[in-house]
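Right, one structure below, let's go through it.
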Amino acid sequence: MNIKNMFWVALTVTASLVVASCSSDNEITETKTPDVPQTTKLIPYTISVGTSSATRATVDADNSTLRFAAGDKLYITGENIKGVLSFNPESNYVGETFVDAENTFSGTLEYSGVGDPAPSLALTATLVSAQQTADNEINVDAAGAVTVNYPTTACATMNEAVQKYSLLTASFPFDEYNQTGGTDNLVNRTHRIMLTQQTAFLNFAITFEDGTAAGSAITAKVKNGVVDYTANVTTVAENAKVVGKFVLPVADGTTLNNAILRVSGKATFAITDATLAGNKVYSVNRTALNIASIYTAVPFTIEATSAGNIKILTPRVGMQYSKNGGAKMAISTSDDVTISVSAGDKVQFYGNGTTITKYYEDSSNMTKIGGTAECKVYGNVMSLVDETGFATNTTLPSSYTFAHLFKNNTKLTDASNLILPAMTLTNYCYMYMFQGCKNLTAGPELPASVLVIGCYQSMFRGTSLKTITCLATNLGNGAANWVQDIKTTSGTFIKAEGMTSWPTGDSGIPSGWNVIDY
57 MNIKNMFWVA LTVTASLVVA SCSSDNEITE TKTPDVPQTT KLIPYTISVG
107 TSSATRATVD ADNSTLRFAA GDKLYITGEN IKGVLSFNPE SNYVGETFVD
157 AENTFSGTLE YSGVGDPAPS LALTATLVSA QQTADNEINV DAAGAVTVNY
207 PTTACATMNE AVQKYSLLTA SFPFDEYNQT GGTDNLVNRT HRIMLTQQTA
257 FLNFAITFED GTAAGSAITA KVKNGVVDYT ANVTTVAENA KVVGKFVLPV
307 ADGTTLNNAI LRVSGKATFA ITDATLAGNK VYSVNRTALN IASIYTAVPF
357 TIEATSAGNI KILTPRVGMQ YSKNGGAKMA ISTSDDVTIS VSAGDKVQFY
407 GNGTTITKYY EDSSNMTKIG GTAECKVYGN VMSLVDETGF ATNTTLPSSY
457 TFAHLFKNNT KLTDASNLIL PAMTLTNYCY MYMFQGCKNL TAGPELPASV
507 LVIGCYQSMF RGTSLKTITC LATNLGNGAA NWVQDIKTTS GTFIKAEGMT
557 SWPTGDSGIP SGWNVIDY
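According to the numbering used here, the stretch in the sequence shown is residues 57 to 574, in order.
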């Protein structure tokens with residue numbers, strides 16, 4: 057077999073600098089600097105890439121078997137050296153010499169340093185797939201270094217995300233893979249570089265149990281600090297469920313901090329804080345429920361999450377409660393009522409027909425709910441003023457209707473499934489409702505569009521809410537100091553689309569919070 061020898065090609069460029077003489081009383085001698093040769097050496101170069109779960113340019117249908125593909129390239133960079141090596145899966149030869157070419161990349165390196173490259177010269181290889189194009193998915197600088205332009209629009213599949221936004225790199229010394237050592241060393245089979253994936257992948261799957269049909273177009277948004285991501289999703293039927301999926305590729309070391317997933321017009325989900333590592337897939341699975349349809353017909357309920365008691369301070373005479381679906385107990389006096397509970401116990405509350413119209417009379421005569429048991433509240437608040445018709449009643453019967461109801465309840469942690477259905481508010485209706493609930497991290501959605509005097513005044517003051525959803529478009533004088541002293545410094549405020557008149561601060565959007573549209 058005729059073996060072609062590998063060789064180096066040196067291109068020499070000669071430059072000279074001349075300093076011109078000028079006439080002067082002082083003698084000046086014209087000096088010519090010596091020629092400094094500047095050479096670019098072209099070095100034929102071939103390396104083999106080992107396969108592992110971290111190495112890929114394309115992904116098989118199972119999304120886990122990883123393969124190289126025609127058009128893949130390795131960009132090689134180092135001090136005064138760069139080049140691009142190509143992968144050709146149909147060729148088993150370098151020149152006329154047979155090699156195992158399944159994972160072999162060949163090409164030419166350009167070395168612009170003085171002399172020959174040192175054997176210890178550090179090189180970096182970056183795999184660029186055929187689906188990664190310059191100035192779109194990637195950037196390549198003058199030195200040949202590759203960076204990935206991570207998208208703010210999600211990929212539809214893991215396959216797409218891996219092919220377009222992988223950053224697979226390896227570092228190695230020049231001499232270990234130098235192909236100038238003779239025909240028997242065209243490919244160094246004893247040492248293969250192993251590429252390491254620097255991209256992390258967030259794999260989202262949203263199951264819709266709110267009546268959304270397969271084939272529906274859904275917009276999902278992920279907000280992480282100042283970075284917004286958008287996913288345009290078409291739902292599909294999968295295992296008798298309706299599911300929407302998308303993938304976000306992000307850089308190694310990306311930090312999720314108070315990040316949220318918002319499915320427009322449907323649901324908002326918190327994403328667990330984390331620092332994301334390359335070559336890992338992080339699954340984010342959430343279920344979108346129609347909270348209103350589920351909880352509108354459920355009476356106002358307090359569920360204990362620890363043992364203790366639920367205490368009704370200064371109850372309205374005639375209000376009723378039921379423990380774990382048992383018989384209703386009527387309260388006949390305004391004396392405090394203490395209800396012993398174990399974790400998991402549920403206490404439902406009702407008015408007396410429609411005779412009770414508010415739970416606040418004045419500063420010395422108000423009903424408040426407290427106790428020693430940690431708890432969450434859910435269901436329709438209107439059962440407190442309409443015992444039987446609460447599921448369809450959206451009319452507040454009075455000013456001050458639910459003012460101060462949970463004030464200073466430090467055991468309340470979650471009110472996210474509490475339904476406040478009234479679209480027409482009354483003066484001071486929810487004033488101080490959750491003030492001082494310092495452990496409350498999730499509050500109710502506020503659907504009313506027009507605020508009236510004092511309706512939300514100090515409503516969430518001193519809480520630890522991470523997210524507030526308020527769809528008001530006319531603020532009136534309804535939100536004075538409503539988020540004063542809120543404990544969270546980097547939450548998310550979800551507002552009505554097009555609403556631009558929210559102020560920042562105690563009577564508006566908490567300072568430092570992210571803002572997104574509903």
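From the three backbone atoms N, C-alpha and C, an ideal C-beta is built for every residue, glycine too.
Going by DSSP, N136 is part of no alpha helix (DSSP H) at all; its letter is neither H nor E.
The secondary-structure analysis by DSSP pairs V337 across a beta bridge with F257. Around the CB of P559, fewer than 16 other CB atoms lie within 10 Å, so the residue is classed as exposed.
For K220, the enclosing alpha helix (DSSP H) stretches over residues 214-221. In this structure, DSSP gives A323 an extended state, which the three-state scheme calls strand. The criterion of a C-beta distance shorter than 8 Å is not satisfied by G139 and G171. Close CB contacts of D284 within its chain, under the 8 Å cut and outside five residues either way in sequence, are with T208, K277, V278, I572 (chain order). Taking the Cβ atoms as the reference, N195 lies roughly 23 Å from Y167, outside the contact range of under 8 Å. Taking the Cβ atoms as the reference, T180 lies roughly 5 Å from T133, within the contact range of under 8 Å. Here the alpha carbon of L468 sits roughly 7 Å from the alpha carbon of C493.
Three or more beta-carbon pairs separated by less than 8 Å link the stretch 424-433 to the stretch 362-369, which places the two stretches in contact. Setting aside the 5 residues that flank it on each side, V202 is surrounded in the same chain by Y131, T182, V184, I194, V196, each with a C-beta closer than 7 Å to its C-beta; the list follows chain order.
The C-alpha of V319 is placed about 7 Å away from the C-alpha of I274. For I274, the enclosing beta strand (DSSP E) covers residues 273-280. An exposed status is given to G445, since fewer than 16 other beta-carbon atoms sit within 10 Å of its beta-carbon.
C-alpha of K301 to C-alpha of Y338: approximately 13 Å in a straight line. Separation of the CB atoms of T497 and L527 is rounded to 21 Å, and the pair is thereby denied contact status at 8 Å. DSSP places S349 in the uninterrupted alpha helix (DSSP H) bounded by 347-351.
Separation of R372 and T268 (C-alpha to C-alpha, rounded to the nearest whole angstrom) is 41 Å. A distance of 8 Å or more separates the beta carbons of F516 and L440. Fewer than three pairs of CB atoms, one per stretch, sit closer than 8 Å, so the stretch 529-541 makes no contact with the stretch 301-315. Taking 8 Å as the cut-off, the beta carbon of S454 is found no closer than this to the beta carbon of Q491. In the DSSP annotation of this structure, C211 is not part of any beta strand (DSSP E), being labelled neither H nor E. A distance below 8 Å separates the beta carbons of L312 and D329. In the three-state DSSP reduction, D231 falls in the helix class (H, G or I). For N473, the enclosing beta strand (DSSP E) has its first and last residue at 468-475. Residues of the same chain with a CB within less than 8 Å of the CB of D266, apart from the 5 flanking positions on each side, are K322, A323, A344, L345, N346, S349 in chain order.
At a cut-off of 3 residues, the continuous stretches assigned as beta strand (DSSP E) that sit fully inside the stretch 488-544 are 523-526.
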